[in-house]
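Here's the structure we're looking at; comments come further down.
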Amino acid sequence: MSNQPGGDAAQLDLTHDAAAEEAARRAASKEAADTVLKAFGGVRGMIDMTLPGLVFIITYNITHQVSTSAWAALGLSALFVVARLAKRETIQHAFSGVFGVALGAWISMKSGKAEDFYLPGLLWNVGYCIALAASALARWPMIGVMLGPITGEMFTWRKENPGRLAAYTKATWAWVAIMGLKPVILFPLYFTHNVNLLGWLKVALGIPPLLLAMYVTWQILLKAPPPIKVPLDDEEPAK
Numbered sequence: 258m259s260n261q262p263g264g265d266a267a268q269l270d271l272t273h274d275a276a277a278e279e280a281a282r283r284a285a286s287k288e289a290a291d292t293v294l295k296a297f298g299g300v301r302g303m304i305d306m307t308l309p310g311l312v313f314i315i316t317y318n319i320t321h322q323v324s325t326s327a328w329a330a331l332g333l334s335a336l337f338v339v340a341r342l343a344k345r346e347t348i349q350h351a352f353s354g355v356f357g358v359a360l361g362a363w364i365s366m367k368s369g370k371a372e373d374f375y376l377p378g379l380l381w382n383v384g385y386c387i388a389l390a391a392s393a394l395a396r397w398p399m400i401g402v403m404l405g406p407i408t409g410e411m412f413t414w415r416k417e418n419p420g421r422l423a424a425y426t427k428a429t430w431a432w433v434a435i436m437g438l439k440p441v442i443l444f445p446l447y448f449t450h451n452v453n454l455l456g457w458l459k460v461a462l463g464i465p466p467l468l469l470a471m472y473v474t475w476q477i478l479l480k481a482p483p484p485i486k487v488p489l490d491d492e493e494p495a496k
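In our numbering, each residue's number is its place in the sequence shown (first place is 1) plus 257.
Have a look at this one:
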């Protein structure tokens with residue numbers, strides 16, 4: 258007990274302020290984590306992305322048939338889209354996945370080379386990293402473009418929130434570095450025609466780098482200024 262007048266009240270205020278600060282920190286942490294997870298499709302999106310490649314390499318090892326393996330992977334991707342439609346969920350990530358699998362299946366069946374199934378994904382990784390780097394250099398970092406609508410800030414971070422712009426730029430460069438490791442590792446294997454090693458490594462390098470990039474983004478956003486959200490009242494009424 259404090260012997261000074263008002264000592265107990267001051268201590269209670271400090272305790273309350275500390276609790277409020279901790280609650281705000283936890284809320285910001287959860288919001289940042291939820292935002293990043295939602296932007297990249299969540300756990301379901303990562304599964305939709307990874308399993309078709311796994312099915313392809315397993316089927317190929319069993320049948321040694323490129324066309325059978327390609328159709329098995331494509332069928333699974335299509336099943337993901339149908340399941341999402343049945344549950345009235347967004348099909349953005351599932352549809353992009355089925356498009357990539359369909360392209361890989363078509364190329365591999367045309368060439369007769371199993372490794373060509375993975376070629377579109379490898380090229381997409383290279384293009385994605387180039388686009389990320391270009392967006393950061395242009396001061397329109399892609400991570401900010403993707404997360405802004407989800408956080409409700411839209412693009413206020415570009416001119417009204419310089420700390421937020423710096424954070425999104427830093428996060429975008431982190432994605433370039435992390436995701437750029439995949440083509441650096443996998444492209445040389447593609448040219449060796451070692452389908453098994455390429456396929457298994459492609460699966461193994463599917464989710465872990467993505468999780469790492471998401472974790473780094475989350476950590477960066479935790480230290481960034483809070484988003485300046487666009488007021489709903491500023492929206493023009495629908496005509």
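Think of the CB as a built atom: it goes at the ideal place given N, C-alpha and C, for glycine as much as any other residue.
- When secondary structure is reduced to three states using DSSP, leucine 376 falls in the helix class.
- Contact between leucine 389 and phenylalanine 444 is ruled out by a C-beta separation of about 18 Å, above the 8 Å threshold.
- Listed in chain order, the non-local C-beta contacts of glycine 463 below 8 Å within the same chain comprise Met303, Met306, Thr307, Gly310, local neighbours out to five positions each way being set aside.
- One Cα belongs to alanine 327, the other to glycine 384, and the distance between them is close to 23 Å.
- Burial is judged here by how many other beta carbons sit within 10 angstroms of a residue's own beta carbon; proline 406 has fewer than 16 and is exposed.
- Cβ atoms of alanine 431 and threonine 474 come within 8 Å of each other, at about 7 Å.
- At least 8 Å separates the beta-carbon of glycine 409 from that of proline 482.
- With the rule of 3 Cβ pairs closer than 8 Å, the stretch 444 to 455 counts as touching the stretch 363 to 383.
- Apart from sequence neighbours up to five positions away, the residues of its chain that approach asparagine 453 with a beta-carbon distance below 8 Å are Ile314, Asn318, ordered along the chain.
- Distance from the CA of glutamate 417 to the CA of methionine 436, rounded to the nearest whole angstrom, comes to 29 Å.
- By the neighbour-count criterion, in which a residue is buried when 16 or more other Cβ atoms sit within 10 angstroms of its Cβ, glycine 354 is buried.
- With respect to threonine 413, valine 487 sits close: the two C-beta atoms are nearer than 8 Å.
- Judged by DSSP secondary structure, methionine 403 falls within the alpha helix (DSSP H) whose first and last residues are 399 to 408.
- In the structure shown, glutamine 476 falls within a helical segment according to DSSP collapsed to helix, strand and coil.
- The straight-line gap separating the alpha-carbon atoms of glycine 361 and serine 392 is approximately 27 Å.
- Counting of Cβ neighbours within 10 angstroms places phenylalanine 337 among the buried residues, the total reaching 16 or more.
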